[in-house]
Amino acid sequence: MSLYHRPGNLQEALDGLARAPAVVAAGCTDLFPATERAALDGPVLDITGIAALRGISQTAEGWRIGATTTWTDIARVPLPPGFDMLKQAAQEVGSAQIQNAGTVAGNLCNASPAADGVPPLLALDAAVEIASAIGTRVLPLARFITGPRATALRPGEILTAVHIPRDAGQGASRFLKLGARRYLVISIAMVAARIVAEQGRAAQVALAAGACGPVAARLPEVERALTGLPLSDLAAAIDAEAVGAVLSPIDDLRADAAYRRHAATELLRRAVTETVETMR
Amino acid sequence: MKDLPQITLTVNGAPAQLDIAPGRRLSEALREGLGLTGTKVGCDAGDCGACTVLLDGEPVCACLTPVIRAEGAEITTVEGLGAPMERLRSAFLRHGAAQCGICTPGMLIAASALLARPGTPDRNAVEEALGGVLCRCTGYAKIIDAVMDAAGSTPQAGPPESPASGAAVGARLERLDGAPKVAGTEVYGADYAPEGALWVRAIRSPHFAARFTLGDLVAFARETGLLVFTAADVPGQNIFGTIPPFADQPALAEGVVRMRGEAVALVAGEASALEALGPEDFPVTWSPAPDLRDTPAARAATAPRLHETREGNILIAGLVHSGDPATGFAAAAHIAQGSAQTPYVEHAYIEPEAGAAWLDGDTLVIQACTQAPMMDRDDTARILGLPPERVRIIPSATGGGFGAKLDLSVQPLIGLVALKTGRPARITYSRRESMTSTTKRHPARMRARIAADASGRLTAMEFDGDFNTGAYASWGPTVAVRVPVHASGPYTIPNYHAEARAVHTNGPISGAFRGFGVPQAAILQETLFDELALKSGLDRLAFRRLNALPEGGRSVCGQELHGVGIGPCLDALKPRWDAAAQEAEAFNATHPGRKRGIGIASCWYGCGNTALPNPATIRIGITPQGQLKLHQGATDIGQGANTVITQICADALGLPITAFDLVGPDTALTPDCGKTSASRQTVVTGNAALMAGRALRARILALTNMGEAARIALHPGALSVSEGDQTRRIDLAALGEDANGYALAAEETYDPPTHALDENGQGIPYAVYGYGAHLAEVEVDLALGTVRVHRLTAAHDLGRVINPLLAEGQIEGGVAQGLGLALMEEYIPGRTENLHDYLIPTTGDMPRIDTILIEAPDPEGPFGAKGLGEHALIPTAPAILNAIRDACGAKITTLPALPHRVLAAIREAEQNP
Chain X
1 MSLYHRPGNL
11 QEALDGLARA
21 PAVVAAGCTD
31 LFPATERAAL
41 DGPVLDITGI
51 AALRGISQTA
61 EGWRIGATTT
71 WTDIARVPLP
81 PGFDMLKQAA
91 QEVGSAQIQN
101 AGTVAGNLCN
111 ASPAADGVPP
121 LLALDAAVEI
131 ASAIGTRVLP
141 LARFITGPRA
151 TALRPGEILT
161 AVHIPRDAGQ
171 GASRFLKLGA
181 RRYLVISIAM
191 VAARIVAEQG
201 RAAQVALAAG
211 ACGPVAARLP
221 EVERALTGLP
231 LSDLAAAIDA
241 EAVGAVLSPI
251 DDLRADAAYR
261 RHAATELLRR
271 AVTETVETMR
Chain Y
281 MKDLPQITLT
291 VNGAPAQLDI
301 APGRRLSEAL
311 REGLGLTGTK
321 VGCDAGDCGA
331 CTVLLDGEPV
341 CACLTPVIRA
351 EGAEITTVEG
361 LGAPMERLRS
371 AFLRHGAAQC
381 GICTPGMLIA
391 ASALLARPGT
401 PDRNAVEEAL
411 GGVLCRCTGY
421 AKIIDAVMDA
431 AGSTPQAGPP
441 ESPASGAAVG
451 ARLERLDGAP
461 KVAGTEVYGA
471 DYAPEGALWV
481 RAIRSPHFAA
491 RFTLGDLVAF
501 ARETGLLVFT
511 AADVPGQNIF
521 GTIPPFADQP
531 ALAEGVVRMR
541 GEAVALVAGE
551 ASALEALGPE
561 DFPVTWSPAP
571 DLRDTPAARA
581 ATAPRLHETR
591 EGNILIAGLV
601 HSGDPATGFA
611 AAAHIAQGSA
621 QTPYVEHAYI
631 EPEAGAAWLD
641 GDTLVIQACT
651 QAPMMDRDDT
661 ARILGLPPER
671 VRIIPSATGG
681 GFGAKLDLSV
691 QPLIGLVALK
701 TGRPARITYS
711 RRESMTSTTK
721 RHPARMRARI
731 AADASGRLTA
741 MEFDGDFNTG
751 AYASWGPTVA
761 VRVPVHASGP
771 YTIPNYHAEA
781 RAVHTNGPIS
791 GAFRGFGVPQ
801 AAILQETLFD
811 ELALKSGLDR
821 LAFRRLNALP
831 EGGRSVCGQE
841 LHGVGIGPCL
851 DALKPRWDAA
861 AQEAEAFNAT
871 HPGRKRGIGI
881 ASCWYGCGNT
891 ALPNPATIRI
901 GITPQGQLKL
911 HQGATDIGQG
921 ANTVITQICA
931 DALGLPITAF
941 DLVGPDTALT
951 PDCGKTSASR
961 QTVVTGNAAL
971 MAGRALRARI
981 LALTNMGEAA
991 RIALHPGALS
1001 VSEGDQTRRI
1011 DLAALGEDAN
1021 GYALAAEETY
1031 DPPTHALDEN
1041 GQGIPYAVYG
1051 YGAHLAEVEV
1061 DLALGTVRVH
1071 RLTAAHDLGR
1081 VINPLLAEGQ
1091 IEGGVAQGLG
1101 LALMEEYIPG
1111 RTENLHDYLI
1121 PTTGDMPRID
1131 TILIEAPDPE
1141 GPFGAKGLGE
1151 HALIPTAPAI
1161 LNAIRDACGA
1171 KITTLPALPH
1181 RVLAAIREAE
1191 QNP
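Residue numbers (our numbering), protein chains in the order written: chain X, 1 to 280; chain Y, 281 to 1193.
Shown next as structure tokens:
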């Protein structure tokens, strides 16, 4: 019989994890599909009993999204338009059933190349807060996910929150997901775009693409090329080669690599166009 | 288990205590712990939504919820949907939203969460709310209609029809077996747990081809406390197959496996002991061998043979040859030729195979999901070395079949364990096990050449196809024979040559899947027809109408056909065809990046076995107490046989539907109605029901000396028969009882009249055919290659529509499977053995579907009726492919038309217009 621990506060969880390794469980929407058994392969540390880890709050620096905040929570909380892409992604995760259980931290820690939450969080300049019995550290999201199914989490650590800086909440944003069916679908490609406009020009541009490489990625070259341009010129200024240079997609059963490169560019252009449209 | 913590759940408003580990799935706690089996398990991965329950009013997958999370929350299961949801349940019944019913609890729960929110949801909101629950039967249309109705978003459907005597046929009747499906009380394969049952698990091959040796089983059994069974324990012939002369599949492999997922041993014991067993724990040593993955590899001269006697790995070849194709091609003004390739397609019913077995005296009873109880009985008996009468098959409710549940799956496995141990035995396949070990649609590699004269009349066709039949025979012979018979489509082709081969590979077994190869052949034939129409300068619908089989025309088998409805089907689509063409043109003029197109394709399909006997027997009886019982042995896997057969029998007898009690199916209680396949039950069992009803009526009229027009009424212990002002009574008790306990009874058998095919495939393969045509309207995103089917109009000739509600449901469900075949479904062994890598359509993928039912009565069918089940799928995929080509020029020859393939085809068309 495997051990299952569901503490009510974070310290207890961290102390437990310091004593013995365990699978940290949140929404379980990735953990259960990984086993055919009727129980999670343990030992399991279930962090959903820790009330302080769930919910979105405003902080002096910006916003804090607790680790076990569900996608449904995100979709329902009022947030500025910079977060629209995250809300849109929240509503594209699996199905309503999955959104009610699946958590932000789970999506990041599972580190699927096709994780729906990652591109919008990257475009929100997210950082992750990681706690252990010996302290807390903060890491940019881009450095947290290190490869397919690989993260910077060390033994004894739990991802406790995602922080979004105040500046990143600015502007308008859009998330687009491409799959071979409407619901319950793993992305072929997806993008997130956030634009801050000043006097009809793009003052800030944040772009990210997912399912087009081992990890989702920001597109800094493309962002730089777009910054300062008139809003109406942005989409056309997205250079396919510059996009392709950042991505390293694979051929799989959902699409081939060449298609993914192409689709990412097309989706970015559309996301930018639709973002600009929401500003009108 | 006394060291387990006690967890208190609040389920459907009542507290329930369970001794259970906190990290176990809530679905298991509800089903096995509390007996609430209304919550279904389809995938254990959140991919299908069948296990959806409400947790504090929010839908979640119970399979993904550790039971401890539910402590302190209000859990609502289908059993607990209270009075406010009664309208939802009845809407499901009135709209025909439940077919097999396995997704129904999940749908009802998901819908209830939506209905509990304020406001009146629109169609998009309903689609989104139900988007996490997969249904493989209905195409979702009637489910969405039912939820809209219950939400008050659309006018409420009228009260259910309750037709009078003699008016059952043609009535829009709710399914007679629907109530338990919407209550969550229906018993599927996994839902019956005999007291003290051993759990059984199969040890299966991870390799496509291998030799294997079993290790020290005695030590393994001692260490694990599990019982082990191998081929050496099989008491009878360890070989089975749906077509006895081709039987080649062992129940448990003997030293060699020919496919991934093949069972080599069984382990049985307590659930906990089985669960503790790791994948590497069973003592078996594999020696993988080179494998053959596709038909070119299998047909190579150097390829090893999968089965010693099958040269070139060819199981069988089918041929139809008529006229003189060479002359036909020589005389042609236009020729279209091409090839097409289709993948393995998975049935993806939401219910994985499951069942229970036990001994009743010296009879082995097996209650499992199935489409073919009598075949199960005979094959299981042969494997287990029992006379057939010592095996009783009680079909559980079957959560979808579509052809794959015709073959044996769990039956010999749990039967063996029950027989050997004397204890009840249970098994439930995991989703992966279901997908790896059961049959698929044959992957096809086909090429064809079709010719027309200057006026557009067809002059000749050649077709050649290799159908990957996988490791074992299953229904490969049926596919090889059916394809050449049907590859012409419902058209007059005077000179014809078609060959199809079933070729063994080390892939999954290809068996029966809605259409037996005909959908694959139709994809090539119907897409080439578009090319010929364009070359001939004819409108694509007009080209088909010109060549459609006429009444009294001859098929490529030389059969003279009557009740031919393809012309009327095409005519019925003409108004929408013209309107859709105009709408697409208008749309395209104003949308540079997106293009709309329309496509059409036809189908025909012979009902029943191909030139082989396939009788059905119906018994009907009236007890001395005045109960009317219909022994209905045609398994209803959701398609509606329970309802349709009763409707036919009711009108033949002259009593209302409400007078009937259904018995069976159960091999101990119902005569053989044959298998639920080949679109045969309405025609074949329907005719038996017609004959039995009429025979009983004749008996009653003779007893009372009344004329044909007399009215019969049933009363407690008596019948009354009236004509004009005369009424006579039959005192049923005075008639005594026959061996089955009936005062009056009739039993009739019907076998469709066919005639064996000669060496050129000439003869009368089927007594009855059904016809249809679909018009697909699609929109293609030119930059991404994505395709959205936004409307589909389906015209089907049913001869006589026995039940329009159920017929529409069959068509909508067929369209959904056809859409999946066209756009997203591809089973890759070892890679898509789940329902998130293998995609079937969701609520958001389905178009508006308009159904047009045509009645061109068949001289042989009951009341003129024809079959429908498989027809409905055949035209969809080619109609969609033709519409894609119409929209953007993209010619898709490798299915499915995934976005990257469509985009590549668009580019190709731009370069070579």
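Here a beta-carbon is modelled for each residue, glycine too, at the ideal position from N, C-alpha and C.
Just so we're clear, the structure is a prediction, and the values are computed from it rather than from any experiment.
For residue i, the first and last residue of its enclosing alpha helix (DSSP H)
i	result
glutamate 970 of chain Y	Per the sequence shown, the amino acid found at residue 970 of chain Y is leucine instead of glutamate. Start and end: 966–984.
serine 1103 of chain Y	Contrary to the premise, residue 1103 of chain Y reads as leucine rather than serine in this sequence. From DSSP, the alpha helix (DSSP H) with leucine 1103 of chain Y extends over 1084–1103.
lysine 685 of chain Y	Counting along the chain, lysine 685 of chain Y falls outside any alpha helix (DSSP H), and DSSP gives it neither H nor E.
cysteine 929 of chain Y	921–933
Minimum C-alpha distance to residue i - residue among the options
i	options	result
threonine 1173 of chain Y	Y:Leu1101, Y:Pro1033, Y:Cys953 and Y:Ala597	Y:Leu1101
cysteine 849 of chain Y	Y:Gln839, Y:Ser835 and Y:Pro830	Y:Pro830
proline 1109 of chain Y	Y:Glu466, Y:Gly458 and Y:Pro486	Y:Pro486
valine 191 of chain X	X:Asp167, X:Arg260 and X:Leu14	X:Arg260
arginine 703 of chain Y	Y:Ala473, Y:Val413 and Y:Ala1025	Y:Ala473
arginine 979 of chain Y	Y:Ala1023, Y:Ala958 and Y:Asp1125	Y:Ala1023
leucine 177 of chain X	X:Ser187, X:Ala13, X:Thr103 and X:Glu36	Sequence inspection shows lysine at residue 177 of chain X; the leucine mentioned does not correspond to that position. When only C-alpha atoms are compared, the closest one is X:Ser187.
isoleucine 1134 of chain Y	Y:Gly1050, Y:Asp528 and Y:Leu1062	Y:Gly1050
isoleucine 846 of chain Y	Y:Arg304, Y:Leu316 and Y:His1076	Y:His1076
proline 515 of chain Y	Y:Ala684, Y:Arg825, Y:Phe867 and Y:Leu696	Y:Leu696
aspartate 528 of chain Y	Y:Leu507, Y:His587 and Y:Leu557	Y:His587
alanine 612 of chain Y	Y:Ser735, Y:Leu664 and Y:Glu351	Y:Ser735
aspartate 880 of chain Y	Y:Gln805, Y:Gly843 and Y:Pro951	It is isoleucine, not aspartate, that sits at residue 880 of chain Y in the sequence shown. It is Y:Gln805.
alanine 209 of chain X	X:Gly62, X:Ala271 and X:Gly169	X:Ala271
Neighbourhood of residue i by C-beta, 7 Å cutoff - its chain only, sequence neighbours within 5 removed
i	result
proline 339 of chain Y	Thr332, Ile389, Ala390 and Ala393
glycine 446 of chain Y	Asp931 and Gly934
glutamine 905 of chain Y	Pro996 and Gly997
glutamine 297 of chain Y	Gln286 and Thr288
valine 467 of chain Y	Ser676 and Ala677
alanine 852 of chain Y	Ala1075, Ile1132 and Ile1134
methionine 281 of chain Y	In this prediction, methionine 281 of chain Y has a pLDDT of 40, which is less than 50 and means its spatial position is unreliable; nothing more can be read from the coordinates.
Paired residues, beta bridge with residue i - DSSP
i	result
serine 882 of chain Y	Y:Ala1053
methionine 190 of chain X	X:Lys177 and X:Gly210
glutamine 617 of chain Y	Y:Arg729
lysine 875 of chain Y	Y:Val1060
methionine 741 of chain Y	Y:Ile730 and Y:Tyr776
leucine 4 of chain X	One point to set straight first is that residue 4 of chain X is tyrosine, not leucine, in the sequence displayed. Per DSSP, X:Val44.
tyrosine 1107 of chain Y	Y:Tyr624
Limits of the beta strand (DSSP E) - the one that residue i falls within
i	result
aspartate 1077 of chain Y	1067–1077
tyrosine 1030 of chain Y	1024–1030
alanine 545 of chain Y	543–549
arginine 1008 of chain Y	1006–1011
Own chain, CB closer than 6 Å to residue i, minus 5 neighbours either side, in chain order
i	result
arginine 1071 of chain Y	Glu1057, Pro1127 and Arg1128
phenylalanine 609 of chain Y	Ala731 and Ala740
glycine 541 of chain Y	Arg484, Thr716 and Ser717
threonine 660 of chain Y	Val671, Gln691, Pro692 and Gly695
Residues near residue i by beta carbon distance below 8 Å, same chain, minus five either side
i	result
isoleucine 50 of chain X	Pro7, Gly8, Asn9, Leu10, Ala13 and Thr68
isoleucine 1186 of chain Y	Val1060, Leu1062, Gly1065, Cys1168, Gly1169 and Ala1170
Under 9 Å, CB to CB, which of the residues in the segment 82–99 of chain X have a partner in chain Y? Among the residues of the segment 82–99 of chain X, those with a Cβ less than 9 Å away from any Cβ of chain Y are Gln91, Gly94, Ser95, Ala96, Gln97, Ile98 and Gln99, in the order of the chain.
Output, in sequence order along the chain, the residues in the segment 704–719 of chain Y whose CB is closer than 9 Å to any CB in chain X. So the list reads Ser710, Arg711, Arg712 and Glu713, given in the order they occur along the chain.
Got a sec: which bits of the segment 29–44 of chain X sit with their beta carbon under 7 Å from any beta carbon on chain Y, in order along the chain? Within the segment 29–44 of chain X, the qualifying residues are Thr29, Phe32, Pro33, Glu36, Arg37, Ala38, Ala39, Leu40, Gly42 and Val44.
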